[in-house]
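To keep things clear, I will list the structure first and then write my remarks on it.
Residue numbers (this note's numbering), protein chains in the order written: chain A, 34 to 230; chain B, 841 to 1406.
So this is what it looks like as structure tokens:
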């Protein structure tokens, strides 16, 4: 894992004044970088769910999750970095368009399954949803027409179905056990953490 | 029956067993103060500066193991507490700070004495609250005391607008809190405990690094038992001092930047380090790359985020120091390592703390005399700097939890207010504040508080007419460019003491030390002894910042030799 890989952390937090400030302040104070942050109401009243994308290696992410779990307003933290997840971002892009380029732009948007949400005299607003690579590629293509404005939601992420997750976990833990057994035979001891997840 | 917000706070304090608070009133906290006056069961200590309130509450909390409570008004009153809150945050001291705030309708309007106190104190508190309804006060007070004490303790601040203090609400004090994130795991994971015991069993040169966690958990007996059963030497961090008696044969005392050479060499030599309730601070480890290179690490801490923060351990046990030690003791591992113990005894003999046997008045001698005359049984409170290190090195603690010092933040001026708080919390103990003339001048205003509160603190002013530790760094790293570190305008300390109506003594000669200490202790009230010491005396051993045990500077031999002739 490279040092500046982006990792996804999802936190369930109380919907109270100052919560966002507490979380962002902790991350800033400890010198971590947030790439994106998305917050909204959760399925439970009075709780919000936020998706943080942060830069760092596995140890950094572990620290961030542990520090988040210490905050009074944080209910649950899930590190999705090595999980099987669905991740999406939504972007609105205002592209320069004239009568001569309009059709071309709409065609490209269709290929990307993007939606035209507004057509004006000089510009089109396109809504695109997908992982960041897809949004990025579309943005690059649109640049040749002139992107006047882009606004992105930041990453949203969710674990895939729990049953399939269980299978993945079981496989992972079997692999881990095998490597541990191997290590113990060689007289090595593996790091072992008993932190509550 | 409905009570005012102020009365709710007072009732809650009583429910939490608070009998002493430290504070200074002002406009935005006045409704509360005028209610507090009707509660004689809560003793209010009127400080002279809000930093004194929070530091006194800190000393009180460390000395008693209870939550310290401090109070201030809005704006400047609250911001004056920031330094003290950061001390409590870094050193894990349970404090509840109550601050007044402008009325709800004025919040956000830049009103007189309005400061965003919850914003300002966010990074230096474990949690803080802005109370917008008096009806929330019972829950918030309950939570604040719970959060301050739970897991790794720390300060919690409650900011209360003036009109909330007068608002009527029901008082039903909750029995429980609903804070899932603040309910720590106390018992260690069984399989990790067994793995740890196996690792200790296999070790030839184990060493315990005991920190503040032992004292916070009152796990003195468990630590001693465990060390004795498995014959494991113990090194205590700055805040772990007095977690074990200094004269215990297995106690090696202070490691790190100004720790003993033998403690640092033991760390360097160990093949296993069992770190309990400590966080591998840079003043302990120096350069992480050269720290304990031969050792595997077992890290026991109640705070999961401490694991792997600075050092990645082989085994991590999340839990309360006392609970985990009891679990370890249950497995009843009896072991001896005669060679290792012999080696450590050898290191202790060849590399003791040393300073010249001279007629000059040296600070080290003063600390040793205080230690001897108090029989190692007084509470010792220090500021930050050279005097702190000499006290840490040389005071021989004969009881547990006698040491109170600002460790993590290193806030000068901590000694006077913290000693005041400690004395009020433990009136039966002799409390010595060992001060430097730099830090002393930051908070000496609290001498008046000492007099009013009848707190008979004894102050040993290690007066070297300078910011000694900074001067030492200038000497060693900046070619003796003593810029902005020498004090030429210190007052006559005896006269100053007398102006406050307390006993003042001046000592300039070695043979006056004993009598001055005894005189101070025989005085019924507070006493201040001005020990005018050698200005150029340095703290040794010294591992320069970022260095390792190989860079250790011992007391220069030529200085010792020169002194014998003098």
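Backbone N, C-alpha and C fix where the C-beta goes; we use that ideal spot for every residue, glycine too.
Owing to the predicted nature of the structure, the values given are computational and were not obtained by experimental measurement.
Within its chain, find whatever has a CB closer than 6 angstroms to the CB of residue i; leave out the 5 residues flanking it on each side and keep chain order.
| i | result |
| --- | --- |
| residue 160/A | 125, 148 and 150 |
| residue 1157/B | 1028, 1032, 1140 and 1164 |
| residue 1125/B | 1131 |
| residue 1287/B | 1340 |
| residue 1110/B | 1045, 1047 and 1135 |
Taking the alpha-carbon positions, what's the residue i to residue j distance?
| i | j | result |
| --- | --- | --- |
| residue 1047/B | residue 1064/B | 13 angstroms |
| residue 1093/B | residue 1115/B | 14 angstroms |
| residue 34/A | residue 90/A | Below a pLDDT of 50, predicted positions are generally treated as unreliable, and residue 34/A, at 42, falls in that range; no measurement from the model is reported. |
| residue 1080/B | residue 932/B | 12 angstroms |
| residue 43/A | residue 173/A | 28 angstroms |
| residue 950/B | residue 915/B | 10 angstroms |
| residue 1203/B | residue 1375/B | 10 angstroms |
| residue 1337/B | residue 1256/B | 13 angstroms |
| residue 121/A | residue 1254/B | 52 angstroms |
| residue 66/A | residue 97/A | 10 angstroms |
| residue 1003/B | residue 945/B | 9 angstroms |
| residue 1214/B | residue 1363/B | 14 angstroms |
| residue 139/A | residue 1148/B | 52 angstroms |
| residue 1175/B | residue 1169/B | 12 angstroms |
| residue 1089/B | residue 1051/B | 18 angstroms |
| residue 1233/B | residue 1044/B | 27 angstroms |
| residue 113/A | residue 39/A | 11 angstroms |
| residue 923/B | residue 1040/B | 41 angstroms |
| residue 902/B | residue 1272/B | 15 angstroms |
| residue 1360/B | residue 1344/B | 8 angstroms |
| residue 960/B | residue 919/B | 8 angstroms |
In or out: residue i buried (at least 16 other Cβ within 10 Å) or exposed?
| i | result |
| --- | --- |
| residue 1031/B | exposed |
| residue 1355/B | exposed |
| residue 1316/B | exposed |
| residue 1208/B | buried |
| residue 1188/B | buried |
| residue 1386/B | exposed |
| residue 64/A | exposed |
| residue 254/A | Not covered by the structure: residue 254/A. The range shown for chain A is 34 to 230. |
| residue 1205/B | buried |
| residue 152/A | exposed |
| residue 983/B | buried |
| residue 229/A | Low per-residue confidence applies at residue 229/A: pLDDT is 39, beneath 50, and the placement is therefore not dependable enough to give any value. |
| residue 1297/B | buried |
| residue 881/B | exposed |
Spatial neighbours of residue i within its chain, please: CB distance less than 7 angstroms, with the 5 preceding and 5 following residues excluded, ordered by chain position.
| i | result |
| --- | --- |
| residue 156/A | 127, 128, 129, 130 and 181 |
| residue 1011/B | 843, 848, 851 and 978 |
| residue 1143/B | 991 and 992 |
| residue 1195/B | 1202, 1204 and 1395 |
| residue 1053/B | 1116, 1117, 1118, 1141, 1142 and 1161 |
Using a Cβ-Cβ cutoff of less than 8 angstroms, which residues in the same chain neighbour residue i once the five nearest sequence positions on both sides are dropped?
| i | result |
| --- | --- |
| residue 989/B | 907 and 934 |
| residue 218/A | Any reading at residue 218/A needs caution, since the residue's pLDDT is 48, under 50, leaving its predicted position unreliable; the model's value is listed next. Closer than 8 angstroms at Cβ, skipping near neighbours: no residue. |
| residue 101/A | 42, 44, 56, 59, 107 and 110 |
| residue 1107/B | 1047, 1049, 1075, 1095, 1113, 1131, 1132, 1135 and 1389 |
Taking C-beta pairs closer than 7 angstroms, name the residues in chain B that residue i reaches, listed in chain order.
| i | result |
| --- | --- |
| residue 55/A | 962 |
| residue 173/A | Ordered by position in chain B, no residue passes the 7 angstroms Cβ test against residue 173/A, which lies about 39 angstroms from the chain. |
| residue 99/A | 1144 and 1145 |
| residue 62/A | 963 |
How would you list, in chain order, the residues of chain A whose beta-carbon sits under 7 angstroms from the beta-carbon of residue i?
| i | result |
| --- | --- |
| residue 922/B | Those within 7 angstroms of residue 922/B in chain A number zero; the least Cβ separation is about 14 angstroms. |
| residue 967/B | 105 |
Since residue i meets chain B, which of its residues come closer than 8 angstroms, beta carbon to beta carbon?
| i | result |
| --- | --- |
| residue 108/A | 1020 and 1021 |
| residue 96/A | 1145, 1148 and 1149 |
| residue 92/A | 1148 and 1152 |
| residue 58/A | 962 and 963 |
Starting from residue i, find everything on chain A with Cβ-Cβ shorter than 8 angstroms and list it in chain order.
| i | result |
| --- | --- |
| residue 958/B | 51 |
| residue 987/B | 105 |
request  = Identify every run of the beta strand (DSSP E) within the segment 40-101 of chain A, keeping only runs that are complete inside it and at least 3 residues long; order them along the chain.
outcome  = 67-74 and 80-88
inquiry  = At 4 residues or longer, what runs of the alpha helix (DSSP H) sit wholly inside the segment 1303-1379 of chain B?
reply    = 1308-1317, 1333-1339 and 1353-1362
message = Could you tell me which whole beta strand (DSSP E) segments of length 3 or greater appear in the segment 867-892 of chain B?
response = 883-886
task = Write down every uninterrupted run of the beta strand (DSSP E) in the segment 1004-1053 of chain B whose length is 3 residues or greater and which is fully enclosed by it, in chain order.
result = 1008-1010 and 1046-1050
task = Mind listing, in chain order, the continuous alpha helix (DSSP H) runs of no fewer than 4 residues lying wholly within the segment 1197-1228 of chain B?
result = 1203-1213
ask   = Fully enclosed by the segment 1124-1164 of chain B, which beta strand (DSSP E) runs are 3 residues long or longer?
value = 1136-1141 and 1155-1158
message = For a minimum of 4 consecutive residues, which ranges assigned as the alpha helix (DSSP H) are wholly contained in the segment 1226-1311 of chain B?
response = 1226-1234, 1255-1265, 1277-1283 and 1286-1293
key: Uninterrupted beta strand (DSSP E) stretches inside the segment 944-973 of chain B (no shorter than 3 residues)   = 967-970
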